[in-house]
Every structure is written in C-alpha cells, then in structure tokens.
Amino acid sequence: MGLLKTFKLGGIHPPEEKRSKDQAIEVLPIPKVAYIPFSQHLGAPAKVIVNRGDLVKTGQLIAKQEGFISANIHSSVSGKVKKIDNVIDASGYRRPVVVIDVEGDEWVDGIIRTDEIKKEVMLSQKEIIDKINENGVVGLGGATFPSYVKLMVPDGKKAEVLIINGVECEPYLTSDHRLMLEKGEEILVGTKILMMALGVKRAMIGIENNKPDAIEHLTKLAANFKGIEVHALKVKYPQGAEKQLIKALTGREVPSAKLPIEVGAVVNNAGTAFAVYEAVQKNKPLFERVVTLTGKSVKKPSNFKVRIGTPISDLIEAAGGLPDDTGKIIGGGPMMGKSLSSVDVPVVKGTSGILIMPDAEAGRKEVQNCIRCSRCVTVCPMGLEPYLIEKTVIVEDFERTENERVMDCIECGSCQYTCPANRPLLDYLRLGKNKVGFIMRTRSKR
Amino acid sequence: MDEIIIYAVISLGAVGGAAAIILYFVAQKFKVIEDPRIDLVEEALPAANCGGCGFAGCRAFAEATVKQGEDENNLEGLNCPVGGNDVMADVAKILDLEANEVDPLIAVVRCNGGKINSPQKVVYDGASNCTFVHNLFGGEGGCPNGCLGLGECVDACDFEAIFMNPETGLPEVNDKCVACGACVEACPRDIIELRPVGKKSRRIFVSCINIEKGGPAKKNCEVACIGCSKCFKVCKFDAITMKNNLAYIDGEKCVLCRKCVTECPTHAIHELNFPPRRVKTGDKDKNEAKTVLKVKHPAQENAVVGTVKLTEKVKVEEQAAKKDDNKIEDKLN
Amino acid sequence: MELLKISGSPHIHTDNSVKKLMYGVIYAMIPAILVSVYFFGLDAVRVMLISVVACLMIEYLVEKYLIKGNGSITDGSAVITGILLAFNVPSNLPWHIIVIGAIVAIGIAKMSFGGLGKNLFNPALVGRVFLLISFPVQMTSWPVPKPMFAASLTDAITGPTPLGALKEELKKQGATVQKIMEDGISFIQDGEKVVYHIPSTIDQVMGNMGGSLGEVSAIALLIGAAYMLIRKIITWEIPLAYLGTVVVFAGVLWMANPEQFVNPLFHLVTGGLMLGAFFMATDMVSSPMSSKGQLVFGVGLGVLTVLIRVFGAYPEGVSFAILIMNAFVPLIDRGFKPVRFGEVVKIKG
Chain A
1 MGLLKTFKLG GIHPPEEKRS KDQAIEVLPI PKVAYIPFSQ HLGAPAKVIV NRGDLVKTGQ
61 LIAKQEGFIS ANIHSSVSGK VKKIDNVIDA SGYRRPVVVI DVEGDEWVDG IIRTDEIKKE
121 VMLSQKEIID KINENGVVGL GGATFPSYVK LMVPDGKKAE VLIINGVECE PYLTSDHRLM
181 LEKGEEILVG TKILMMALGV KRAMIGIENN KPDAIEHLTK LAANFKGIEV HALKVKYPQG
241 AEKQLIKALT GREVPSAKLP IEVGAVVNNA GTAFAVYEAV QKNKPLFERV VTLTGKSVKK
301 PSNFKVRIGT PISDLIEAAG GLPDDTGKII GGGPMMGKSL SSVDVPVVKG TSGILIMPDA
361 EAGRKEVQNC IRCSRCVTVC PMGLEPYLIE KTVIVEDFER TENERVMDCI ECGSCQYTCP
421 ANRPLLDYLR LGKNKVGFIM RTRSKR
Chain B
1001 MDEIIIYAVI SLGAVGGAAA IILYFVAQKF KVIEDPRIDL VEEALPAANC GGCGFAGCRA
1061 FAEATVKQGE DENNLEGLNC PVGGNDVMAD VAKILDLEAN EVDPLIAVVR CNGGKINSPQ
1121 KVVYDGASNC TFVHNLFGGE GGCPNGCLGL GECVDACDFE AIFMNPETGL PEVNDKCVAC
1181 GACVEACPRD IIELRPVGKK SRRIFVSCIN IEKGGPAKKN CEVACIGCSK CFKVCKFDAI
1241 TMKNNLAYID GEKCVLCRKC VTECPTHAIH ELNFPPRRVK TGDKDKNEAK TVLKVKHPAQ
1301 ENAVVGTVKL TEKVKVEEQA AKKDDNKIED KLN
Chain C
2001 MELLKISGSP HIHTDNSVKK LMYGVIYAMI PAILVSVYFF GLDAVRVMLI SVVACLMIEY
2061 LVEKYLIKGN GSITDGSAVI TGILLAFNVP SNLPWHIIVI GAIVAIGIAK MSFGGLGKNL
2121 FNPALVGRVF LLISFPVQMT SWPVPKPMFA ASLTDAITGP TPLGALKEEL KKQGATVQKI
2181 MEDGISFIQD GEKVVYHIPS TIDQVMGNMG GSLGEVSAIA LLIGAAYMLI RKIITWEIPL
2241 AYLGTVVVFA GVLWMANPEQ FVNPLFHLVT GGLMLGAFFM ATDMVSSPMS SKGQLVFGVG
2301 LGVLTVLIRV FGAYPEGVSF AILIMNAFVP LIDRGFKPVR FGEVVKIKG
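Residue numbers (the working numbering), protein chains in the order written: chain A, 1 to 446; chain B, 1001 to 1333; chain C, 2001 to 2349.
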C-alpha cells in the first residue's frame, strides 16, 4: 500500500484501545422499562403525541418532529406508557422522557423483520427523503443531525460526492467497525440509497487503516456497486470529523463557517447508512442501534444492539457489571464523549458507545503554567492557537477570542490531550465559543 | 565653547517655539466644546466605572444625565446605584433639576443549596468556571438551577461585596454591595437578584429558584422550594406569587410580617437582619419547632452573632420590631 | 464506590508532561557535559555544580518567600538553566560570579516574570550576558583545554577562543584569513612570546579548543540535539533556519571576500552556535509558537549572529542574537499565525 490518505493539518495519535473489536454484535434483551427522551437529535425537541396509559407498539410514532431541524421519535418497545417524566440524560440535566412499561414485543405492521437483504430501490428521490424523515433517522456518529435535512441540497449548491464515514477515529469505540463487518452489504445498499437521494454518482467510504478486515470486506462487496469506492486512511485523530474527512478523501477544504455542501460533499456515518437502509428498505424506524460498551476494567467489552431508551445500567450488567474502580462513565468516546452523571441515563440515537474509565485515569492532572511548547498549535486540525484563545477567554477579552476564530474550533480535544502542562484548553475554548456565540447572536439581533 | 552653548540654546529654543505654535493651532483646530456641567457631574459621581447604571462608565453616565436634563428636563430612569440617592441629589443640584428618589437595592443570593444542603452527587473536575459547568451538566448537587459554587460572581464584583463561603460553597453578599448588577450578569443561572434593601436592611425572600416539581427538587436539595403554595396562602398582602413550582416574594409589596418564613416546610424562605423571635408561651413548642431552622442562612447566622455583640442596639431594634409586629397584627385583624 | 467524576472532554491525556520534557532536555545535555569534563577537568564539574545548586536554591527561596508558587522546583527547569548557565561561562570562573549569574538568571529573568512559562527571555542567557558585561575580564579568559583530568582547579593556562583570536587579528593591517590560519597568532603573555594556532576543523568539531564549557564540542551537542528531535522535545524549524541562515549569510560574505571573511563551516562549529541553536534558541518559553514564526525567528537569529560576529564589537554573537530575538517573539506570534483550515479555499460571493 502506498502513501495513505489523511488530512494535513495537525492531528494526534492517542492509544487505540479497541478492546471490543473482535466481539460480534450481541442483541441486548429488551429492557423492563424504557425511557425514551423527546430530544435525541440536534434541533427542536419532538412533540409528544402519546398520553399516560396509552398502549404503544414497537416502532410506533410517539413524538412528532417540530419544525425543520427536528426528528420523529418512535417507541423502541411495546407496552404501556407509564408516565411522562424527567430523567437525567447525557446532557447532565433532567429532560423529559416517555416512560414505557414493557409488555412483550409487538411490532408495528409494515416493518419487515427478516434479515434478507433487499437491494433494489424502487423509489423516487423525494420518496426516499420522506421515508428517511418519517422514520426518524439522524446522524449516528454523535452529532445526531437529522439526516433528511442533510439530503436536501440547498438551492444553488450541488452535491458531487457522498462520503461515508467509517473512520471511527475515537479510541475504544468499535460499533461502526463491527457494523461494517457484519452488515457490510446493508451499508452499501444504504449508501446507494443516499446517493440516489442526493443525485450523486460517486460515493467514497473512508476507513482508517487500523480496521484492515473492514476495508477488505467492504472493498470486496463494493465491486458490485457502481460508483462506491472504499478508501483506506492513515490512522490519525480527528479524521472522523466532517471537515477533516472531506479533506482527507477529496483534498477539498470546507471554508470557515461553511457547510460541507460548499465543496460539494455530504458526509454520513456508516451507522447512518445502515439506519437509512433499514428505514427505506425495511420500513423500520430508528429505534435501535449498536453501542460499544468498553473500558479498561470492564470484564467483557462488547458491542450490543440496543433498543433506544434502555438505561445504560442494563448494558453494564450485560458486560459483566460495573467495575469497582469506576471513576467516570462516558457517553461516546474518550476524546469527545460526555461524562454521565448516573448509570440510569438512557441510550439515545447518538450513543455510539459507553466507556467506563477507572478512577485512576478519570481525573484531571494538576494544571501548570503554559510553557509555550506550541504542541497545541501543532496538533490543532483547524490551525487555531488554543493557548492564545484560552488566555483571551481567561481575561475575558472576547473580541480577541472571536478574532482568533474560536468558532472554527471543532472541539476535538487534541490540544488538551497533548498539553504537557495539563491545561484545560478545551474547557476554555468551549467557554469562549459559548460567550462569543452569545455576543454574535445579540449582535445579529440588533 | 561659548559658541556651542549659544547655538544649542538658540536652536533648541527655536524648535521649542515652533512646536508650541503648531500645538497651539492644532489645539484650536480640534477643540471640543463640551458642556462644563459634564465635568461637574462626573466629579460628583463615585468614579467606580462599574457600569451599574447601564452606561459604559461614569463619564458616559454624566454625559447622559446632562443630555437628558437638557432634552427632557428630568432625570427619570437615571440612577447611580453606587452613589445612591445622595449622589443623585447632588447631580440634580448641579443640573438644577428634581432628583427622583429610588429605593436602594442590594444583591441577594437566591440559593441555599451549596455543599451542605445539596451534597455532591458527582464530582466536577475541570476549569473552574460557572458558565462552563452550567453548559456541561446540572451541577454537582444535581439541582439544575442551583449555585455551582465556582465564584464567577465574586470575580465580577468590583466592590469586594460578594465572597464565597468555603463552608457552604455559596456566595455571600455583604453591606458593601452597591447593586451595580455585575454579579447578576455574571451568574449563568440567574441566581442573584437585586432586591430592595428594606427597612433596617430587613429582607424576606425565597432562597431558591428551582422550578422543578417538589419531589425531584427536594431530592436534590434539602432546602428547595417545593412549590407547595403554603406561603402563598398565608400571605395577606398579595406579595407572594407562584410560578413554575416556585414561590416569589415581591419585595415592594412585602410588609415583612414573617408569616411565610415560619410557614415554609423546607425553610426555603429567609429573613435577614431580623431580631430573634418572641416566643409565645401558649404554643411554645410549635413555634420553636418552626423557627429553629435546620440550616441557617449564612447571613442570618451573622445576624445572630450581631445580637450577641451588640446587645444594646438589638434591644432597641427588638422593641421596634415588636411595635412593627403589633402594627402588622393589627392590620391582619 | 467513589462518586462519579464529571468533566468536559477529552477524557484521556497524553503521558507527556512538563517534567518529562525538561528531563528530556537534561538527558540531551549529557554528551556535552561529558565532553566538557573531559576537556576542562574538575573545573567543569565545579562550575556546573555551583551553577545548578545556586539556581535550584534561588528558585526555592523565591518560591518560598516571594511568589508562593506551587513548587516548580522539581520540574527540572531550574536544573536546565543551571547547566546552560554553566555551559556559557569559562571553566575558571570564580564561584561568586557564577552565583551572581544564577541570581540574575533565575531571580530576575525567570521568577520575577512569574516563573516557568512566563519569562520573556531565556534565563540562562540573561545571566550570561549580565556576567559578560559586568565581569568582562573573568568572562573572557578561556582556559586552554587539556584532555582528561589534567587541568587543576587553580592555575589553568588561558588562551583565546578561535573566534575571538581571529577577529582581533583581522583588525590588523594586511591580515588575511589564510595567513592567520597558517601562521598562527603571536602575542605576548607573561613576558613570553606565544604563538596561538587556530585549531583544526576536526579539533573544532570535537571540542578541543578554548571557549565556554558547553559550546566547544559541536559533535556532542549534535548527539543531544538528535535525541531531542527524535523524542520531539524540540522541533526542527528553529535550529534549521538558524544554522541555515548562518551558513548562507557567512557563505555570501566569504565568497565575496575570502581574505577578510572566514568560511561558513568555521562559523558553524566555533563559538556557541550549536549550543545556542539547539539548546537555547529552542527554549519553548521564549520562542514563537507557530512553525512559520519559528522559521522567521531562526532566520533573524542567523542574521543577527553573523552581523555581531563579523561587524560587531564582540567576537561572539549567539547570546545577544537570541536575547534580541526573544524580545521580538510576541510580535512574531502576532504576525505569523499558523495556516488555518479552510483559509486556502477562496469562495466567491
């Protein structure tokens, strides 16, 4: 293999720790009680359409999208709506959920439950997009942006290439990896559907070189699909970030503060492609997903197929119980995931993994003076100067913070990971983004 | 030798003279004609440049007062919270206008959770900044509205009027507060409120802003307002309103009768700077049970300390309070 | 179970630390330390010990009584400053002068700015330049190196450095570089006529010449530099730009007039250039952040060094060049930003 493609600017290489990469996807038993949040996506929360005491079936719509950037939410279980309550979710706040007491597992009519792969797509562009929207498909990489919005190319722009993100550059996580190995063909059909929806002739699947089995498997399968290419990429974090992936695969740079469509690219996660396949070909709404449960002291790191709304304690139980030395539970990967404040947090559409960190590694190290080693500048994939932005935020010179283009920050955490003085760079960058965002909003209102 | 000195003096003198002439003309050319009263007003102001008046600084406030005085012949809406009514009276005198009296305000921390009443459920580890934590998660104590205890309000204060109490992990306001509003701005959870200072600095307020239902609120915090409406029912002056499971006492309408304080089952309503209560002999037990607060508000504790030290003064105040109470009771009857 | 921890991402951290970086630099200086002990004997050990101990003491005292720091004494930065200060002085320097140098280096140039990370100038060089200006005689009497532990602690024979000797001699009427190289330089010392021969290139590279402790052996410094580059403690930008500029600038002068200007190789291996380029200009605290800025910094250093060496009053210009460029670092940081993602593409409208 020659020189592998990757993005040019910055990047780090944290230890991969893909402990669960050889564990086949296991189907987790349906929970006794499901907690299904209204807001599992970016944008406006969905509006609940069920009431207390209602009987719902698996796959039934329980919350309807509100507004353009929003998504439908379906019941992941069958049973009786116990109440509409608030529970702590990944955001760390108590948010409204529909609590459902599970009784059996009766699915809504029309969902095809066989594993048979259905390749032919007989739908028009609009029908596909409508189906994706109806079935509540959102980006499963973590940002949970409603997928149908991405597929509607704005006027004056033209999509040229579809990029399927199979990078999974976060350490520990393996859910996309397993999915690509076990549901490769389905992902390719999903890719084809997405290509049709966008009206593009070309799709590129980017996979990092630490997953040679997935690359081989998909390359072999992709020979039967016209226009789909599989590309091996050099292992480098944060290659899974949209802009970095586009740069790595196509060499194009998405301009600052612009969307990928600006350079004719649309990026979707491999998991999303699978969800699209299920939604369009099997009429199956997005109510389950693959979640990696892993960690250094976890007895049995695994990949589970989980119903949305399952409390993560069920997953932890299935993987051998919560280790005694647990110090932190992270929803997502170690670089960008959110630390969770309880084990009762339900799995949502955006949960790609649950990482359990031992106490010894969970805490921050003592913060020292910045020694201006310039490592944060070197690793920043956006070419920012995190040390400088941190300083401007600390002294509350937000005008300067804005001028140093804090809003370009993709919050990948490379700077903080690499800082030898253990400075909380990303904490301050986030704070800067928050404050500058607020200032910008007030300014545009005026 | 002499020649050198002479030449040096002449040339330097010439340069100096030329510069003086240029400077004179430039100064004439760019002269800004300003109302001299702006300077006078500015001098009368406390020069804290805190921005509490809503202007960029004392100078800007002075300009605004002079302008409004000129245009509208009043000083309505203009108030220097630091200087208070005295300074505004001086300003009005300079401008030959009527000063409008404003009731003085003070910052009040409306959370009594902290480390003691809302113990840690998780541990936060990272940059010490309230806004960041507010965006990250609900807070160590679990209350989504409660004080995060990282002291952004303390950093914002220019008057050394607010400090963190390390024991409770809550900020406390002292009497240096000028109600400039900097801490109110700084707090990402809007816990701090500017309230009327009240007669003899006596204040009654709900020390909670949690809008959750009673159950979860109480679970997170011992002293949360659980929205039971008991205080609302007991108040005869319409000073208490209920909204989003939370009671709010209107400082203007409150007559400081303290009925609600004793009524509150979670001790979420606080009284500040009141003398100790009289204990009625009849229902002594009942009264005691209600007046002895589980965890006293920090400021209240100070008040108690005060009574020990300043017995004389307190006695006088106590009598005054008795009178007040009697009056109120008369009103009630 | 302990309470769960909550923090913003990322949740993992590199095992690199300030301490590791600092000790890495110290390990990289070991070859140069060994060479200096080999050539200057116990005197070298004496100077380095005094310097390191003095630096540590002063950092400790300042932290304890003045700025109440959090004990940065163990992070190794004071040790580096101590060794670098020792590297920059002759081996026969009296102990009290070394201590004064340490006070200036740590007390004034480092701690008064707020400790590690806050200093504008390289502390060791501030100490060195302070000594050079305050004690010019002691600071410029260079003991002649005597391989192995021959040199005693008291009466070492002193001689000039190649750079200094050449510069002095070139000022004379009719002197050319070639003539000096061949005939040597004769001068009167203690009533005797002594002829000083400029050391051969091999001797220069190995370190067998007069000079400060650490600057004599280019090869030992290069070994240390290679270690630091491999461990990614320093980046290639500053040393390469610095040395490259010196070679180009000195080369241009040499080609223009080989009689008056010495060849670039001579510049490269004599004086403190190697030491400065790899160990002092690369000091993270006082060098620019972006790689473009670092290149500019290096070029500036090269130009200044050659200018001072060839046209200035001092034979050696590395220390001054680095200090002058240190002062420009904030400006360079403002002017030379890293390449930003999404800036290359120009979108119309």
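For every residue, glycine included, the Cβ atom is placed at its ideal position computed from N, Cα and C.
Since we're looking at a predicted model, the values are computed, not measured.
Distance CB(residue i)-CB(residue j) smaller than 7 Å
i        : j        : result
F287(A)  : I312(A)  : no
I49(A)   : K32(A)   : no
I1968(C) : P37(A)   : For residue 1968(C) there is no data in the structure shown, the boundaries of chain C being 2001 and 2349.
I193(A)  : V276(A)  : yes
S2291(C) : E2237(C) : yes
M2325(C) : G2300(C) : yes
L293(A)  : L315(A)  : yes
H217(A)  : G136(A)  : no
V393(A)  : L431(A)  : yes
P2010(C) : Q416(A)  : yes
L2229(C) : L2275(C) : no
Between the CA atoms of residue j and residue i - distance to the nearest angstrom
i        : j        : result
S2152(C) : D2043(C) : Residue placement at S2152(C) is flagged as unreliable, the pLDDT there being 48, under the threshold of 50; a coordinate-derived value is accordingly withheld.
D270(A)  : V149(A)  : The sequence shown places Ala at residue 270(A), rather than the Asp named in the question. When rounded, the distance between both Cα atoms is 17 Å.
F2039(C) : M2206(C) : 10 Å
G1386(B) : R95(A)   : Because chain B is modelled from 1001 through 1333, residue 1386(B) falls outside the range shown and cannot be assessed.
A1089(B) : E1098(B) : 8 Å
V1206(B) : C1231(B) : 10 Å
S1201(B) : D85(A)   : 42 Å
S1011(B) : G1017(B) : 10 Å
S39(A)   : T144(A)  : 10 Å
T2282(C) : T2270(C) : 19 Å
E1003(B) : V1015(B) : 18 Å
L249(A)  : L151(A)  : 20 Å
Rounded distance between the beta-carbons of residue j and residue i, thought under 8 Å
i        : j        : result
P301(A)  : A319(A)  : 7 Å
V1261(B) : I1269(B) : 5 Å
I467(A)  : L245(A)  : The structure shown has nothing for residue 467(A), since chain A only spans 1 to 446.
V2126(C) : V2104(C) : 6 Å
G141(A)  : G166(A)  : Incorrect: roughly 10 Å between the Cβ atoms, too far for contact.
E66(A)   : A44(A)   : 5 Å
C2055(C) : G2076(C) : Their Cβ separation, rounded to whole angstroms, is 11 Å, which puts C2055(C) and G2076(C) out of contact at 8 Å.
Per DSSP, the bridge partner or partners of residue i
i        : result
W107(A)  : T58(A)
N86(A)   : P96(A)
V290(A)  : K305(A)
H447(A)  : The question about residue 447(A) has no answer, for chain A in this structure spans 1 to 446.
F1205(B) : H1270(B)
L1410(B) : Outside the displayed span of chain B (1001 to 1333) sits residue 1410(B), for which this structure offers no information.
E26(A)   : F304(A)
F2187(C) : V2194(C)
Residue-chain proximity (residue i, chain A), Cβ-Cβ < 7 Å
i        : result
K1315(B) : Here K1315(B) scores only 49 on pLDDT, less than 50, and its place in the model is too uncertain to base an answer on.
V2062(C) : no
G2342(C) : yes
I2012(C) : yes
Neighbour flag for residue i against chain C, beta carbons, 7 Å
i        : result
G1126(B) : yes
I73(A)   : no
F1137(B) : yes
K328(A)  : yes
Beta carbon proximity, residue i to chain B, threshold 7 Å
i        : result
S2009(C) : no
D22(A)   : no
Neighbour list for residue i in chain E, Cβ cutoff strictly below 9 Å
i        : result
K1121(B) : Reference to chain E is not applicable here, since the protein chains of this structure are A, B and C.
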